[in-house]
Structures are given as structure tokens and as C-alpha cells.
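Student: To convert, note that position 258 of the sequence shown is 258 in UniProt numbering; the numbers rise steadily by one, no gaps.
C-beta: ideal position from N, C-alpha, C; glycine also.
Predicted model, so just to flag it, every value in this text is computed and none were measured.
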Amino acid sequence: MKAIVMTQPGGPEVLKLKQISEPKIKADTELLVRLKAAGVNPIDTKLRSRGTFYPEKMPAILGCDGAGVVEAGGKGVEKFQVGDEVYFCDGGLGDETGNYAEFTVVDEKFVSKKPQSLSFAEAGAAPLVVITAWESLYDRGKLQPGQRVLIHAGAGGVGHVAIQLAKLQGADVATTVSPENADFVRQLGADLVIDYKQINFVQRVLDWTDGEGVDLAFDTVGKDTFFKTIEAVKLYGDLVTILEPDTNLGNLKEARKRNLRIGLELMLTPMLQGLVDEQKDQAKILQQCARLIDEGKLKVHVNHVYPLAEAMKAHQNLEAGGMTGKFVLTMD
Numbered sequence: 001m002k003a004i005v006m007t008q009p010g011g012p013e014v015l016k017l018k019q020i021s022e023p024k025i026k027a028d029t030e031l032l033v034r035l036k037a038a039g040v041n042p043i044d045t046k047l048r049s050r051g052t053f054y055p056e057k058m059p060a061i062l063g064c065d066g067a068g069v070v071e072a073g074g075k076g077v078e079k080f081q082v083g084d085e086v087y088f089c090d091g092g093l094g095d096e097t098g099n100y101a102e103f104t105v106v107d108e109k110f111v112s113k114k115p116q117s118l119s120f121a122e123a124g125a126a127p128l129v130v131i132t133a134w135e136s137l138y139d140r141g142k143l144q145p146g147q148r149v150l151i152h153a154g155a156g157g158v159g160h161v162a163i164q165l166a167k168l169q170g171a172d173v174a175t176t177v178s179p180e181n182a183d184f185v186r187q188l189g190a191d192l193v194i195d196y197k198q199i200n201f202v203q204r205v206l207d208w209t210d211g212e213g214v215d216l217a218f219d220t221v222g223k224d225t226f227f228k229t230i231e232a233v234k235l236y237g238d239l240v241t242i243l244e245p246d247t248n249l250g251n252l253k254e255a256r257k258r259n260l261r262i263g264l265e266l267m268l269t270p271m272l273q274g275l276v277d278e279q280k281d282q283a284k285i286l287q288q289c290a291r292l293i294d295e296g297k298l299k300v301h302v303n304h305v306y307p308l309a310e311a312m313k314a315h316q317n318l319e320a321g322g323m324t325g326k327f328v329l330t331m332d
């Protein structure tokens, strides 16, 4: 099969299209999936540039997100049949084969039926971002109807899903974006759109909340944005981030004074720690999101589709920043 193989850490040029052996089913509950699409995520570019979590197992195939068709299953498979269209988030961290390839093997426990209304490219873009946004808002942040939430980088892959999930929960949403993306996030339901390049987002949020601050802030940017956001959250509020706070750029003194609950979200934890039940729960999130998608209540925006052979170009453009939605690789 054709696959994008990474033999060493480095720039996008280390991603090479090669012909390698097709993966084989080894466990009774595994599926062989003919991949049709794979999402391209920031974790992929980070692993490519700095090395995977398992450097001793090089070469590696990146890509956590996958969508495709079941080609075969182990004798213990119960939920899927040959020909089923599926999507999932599994592999691609350097241990198990990722989804920048024509085939992959994945346990059925971690797989969901693809939303019927989505193309394979759209389905391949969805898993990591919908799981991240869902866990951040609903599990870490405990978002409730009627609350106010600030979502940073609302036009991005995770951010644009988070806006929609927050609105589905009955929350009022403020989001920070570049001015060229203002209309995009308004169409997703954002109530307050903040041009972070021109406006002090903390003051704008305080004005919006009559000086109180939001119930929940969701940081997808990190760096000093995380520490600045503390002052935009109400007393006893929640601040969830998908990035590790850099204590060289600030401290948590103000967060402590406000008695904030800090949530650290890493949707990769089940894969990294081998937590089967937790990864099964993530598949259930995909099932629920598939229903929302097919009901027209949730959309995943695909910015650009690249053929598998152009993975290097996809990484280059993702690292350039400023994009809306997701980049996707397709295998046809």
C-alpha cells in the first residue's frame, strides 16, 4: 500500500510517499479499514518536527484521524460488517500505524459509523477536533445552559466545533478571531466576535458580562493568552486549555485569588496510557456527534483537501497558521 512515512524528525520534507506492506489483523476484534481520508492536525506537525512519543519505533506513519470502509474483520468483531463506512481517532502517535496511508487496522471498540451526510473528507476531518471540543466544554468545563463562554481562536479546527457545541448546550458564546474570519464564526452562532488584533479581549468580555467575567473560558492558543484569559473568567469559574501553560510567561496567582477551576484537556491520553474504557467513551462521543451532524446541528468545516502524496504541503500550510477549519488528506 501507499503511505506517508516519516523516518526522522524534521521539517515537512521528511514526509515521504512510499510503498509498504499492508497491515494485518492480529486480534479478534480488529478491523482492516481501507482509508479514504485522514485529518491533518497540529499534533501531527509537532510529532513530525520534534519526534514521536515512541522514537525507538521509527519509521512512523502519522495521522490520528481516519475515515474509510471496513475491508475485513477479526472473528470476534460484532458491531461492524465488511462495507461499513466508519470514522475514528486512533494511532498515529509513533506506536501504532497512523492514517496517512491506504489501509489501517483498528479495534472495533474505538470506531464509530461515519455520519451518513458527510463525505469521507469531512468525516476524516472530524474525530480529534470534535472529541477535544466535547471533552473540553462538557467534561472538563461542565458547561451548563444559560452560561457564558469565551472560546479562543473560534475559526480554527477545534474552535469552530466548540462554538457549535456550546450553542447546542444553550450557552452564549464570545470568541476571538482575526477580522477576516468574523463572518465565518457568526454563521456558526457566535454571539460576540472579538478582533483580538485590535481589541483587548479581556476588557471586551468584561463589558459583555457587566464586569463579572465568563463562566467558562476555553483556550486553544496557549502562551500568554492563557494567563491573560484568567482575568476574563468570573470568580469560581472554569478555564480549560488544550495546551500546557508556560509558567515562564505568567503565573496562577490571579487564578488562585479567583478560585478558578483549571482544566487541562488532552484527548490523546487514552491512547498514550492504554486506557481502553476511556477510548471507548471517545468512540461514543463520535456516535453522538454523528447523530448531531446528520440532524444538521453540527458541521465540520474542511478548508482544503490534499491528495495523500501532498502531505508535506498540507503540513507546510498548517504550520503557516491563519486557516479556518481543517486540512484533510484523501487516498483516492
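What does the alpha-carbon distance come out to for the pair Val158 and Lys142?
Tutor: Rounded to whole angstroms, Val158 to Lys142 spans 17 Å at the Cα level.
Student: Leaving out five residues before and five after Val161 in sequence, what residues of the same chain have Cβ atoms less than 6 Å from its Cβ?
Tutor: Here the set comprises Val129, Val130 and Ala133.
Student: For my contact list, Leu150 and Phe227 are in at a C-beta cut-off of 8 Å; report their separation, rounded to the angstrom.
Tutor: That belief does not hold up - the Cβ atoms of Leu150 and Phe227 are roughly 14 Å apart, past 8 Å.
Student: Tell me which residues share the same chain as Thr52 and place their Cβ nearer than 7 Å to its Cβ, disregarding the 5 neighbours each side in the sequence.
Tutor: Ala60, Leu93 and Gly94
Student: Have a look at the DSSP bridge pairing and note the partners of Asp277.
Tutor: Looking at the DSSP output, Asp277 shares a beta bridge with no other residue.
Student: Say whether the segment 2 to 20 touches the segment 66 to 74, bearing in mind that this needs 3 or more beta-carbon pairs closer than 8 Å, one atom from each stretch.
Tutor: no
Student: Just to confirm the assignment, what range does the beta strand (DSSP E) spanning Lys36 have?
Tutor: Glu30 to Val40
Student: Could you round the C-beta distance between Val205 and Gly154 to whole angstroms and report it? I think they count as a contact, below 8 Å.
Tutor: Rounded, the Cβ-Cβ distance is 13 Å, inconsistent with contact.
Student: DSSP on Leu62, reduced to helix/strand/coil?
Tutor: For Leu62, the secondary structure class from DSSP, reduced to helix, strand or coil, is coil.
Student: Taking just the CA atoms, how far does Thr330 sit from Asp107?
Tutor: Each residue's alpha carbon lies about 22 Å from the other.
Student: Okay, do the segment 35 to 51 and the segment 257 to 265 touch, 3+ Cβ pairs below 8 Å being the bar?
Tutor: no
Student: Among residues of its own chain, excluding the 5 on either side of Ile163, which ones have a beta-carbon nearer than 7 Å to its beta-carbon?
Tutor: Ile151, Gly154, Val173, Thr175, Val185, Leu188, Gly189 and Ala190
Student: Taking buried to mean at least 16 other C-beta atoms within 10 Å of its own C-beta, is Asp215 buried or exposed?
Tutor: buried
Student: In the structure shown, what three-state DSSP assignment does Glu319 receive?
Tutor: helix
Student: Which class does Glu102 belong to by DSSP, given the choice of helix, strand or coil?
Tutor: Note: Glu102 maps to coil in three-state DSSP.
Student: If you run the structure through DSSP and keep just helix, strand and coil, what is Phe120?
Tutor: helix
Student: So what does DSSP say about Pro115, is it helix, strand or coil?
Tutor: coil
Student: Alpha carbon to alpha carbon, how far is Glu244 from Gln198? Give it in angstroms, no decimals.
Tutor: 26 Å
Student: List in chain order: all unbroken beta strand (DSSP E) runs of 3+ residues lying wholly within the segment 233 to 294.
Tutor: 233 to 241 and 261 to 264
Student: Do Gly10 and the ligand ATP come close, with the Cβ less than 7 Å from some heavy atom?
Tutor: In the structure shown, the ligand ATP is absent, as is every other ligand, since no ligand is present at all.
Student: Mapping DSSP to helix, strand and coil, what is Thr45?
Tutor: Three-state DSSP puts Thr45 in a helix.
Student: Any idea what DSSP makes of Ile194, helix, strand or coil?
Tutor: strand
Student: Quick check: what's the CA-CA separation for Leu249 versus Gly222?
Tutor: 10 Å
Student: With distances taken Cα to Cα, identify the nearest neighbour of Met323 among Gly156, Glu278 and Arg256.
Tutor: Gly156
Student: Excluding sequence positions up to five away, which residues of its chain have a Cβ less than 7 Å from the Cβ of Trp208?
Tutor: Ala174 and Leu192
Student: Give the straight-line distance between the Cα atoms of Gly325 and Val300, rounded to the nearest whole angstrom.
Tutor: In this structure, the CA atom of Gly325 is about 7 Å from the CA atom of Val300.
Student: Taking C-beta to C-beta, are Glu265 and Val240 nearer than 8 Å?
Tutor: yes
Student: Grouping DSSP H, G and I as helix and E and B as strand, with all else coil, what is Ala67?
Tutor: Shown here, Ala67 sits in a strand according to DSSP, grouped into three states.
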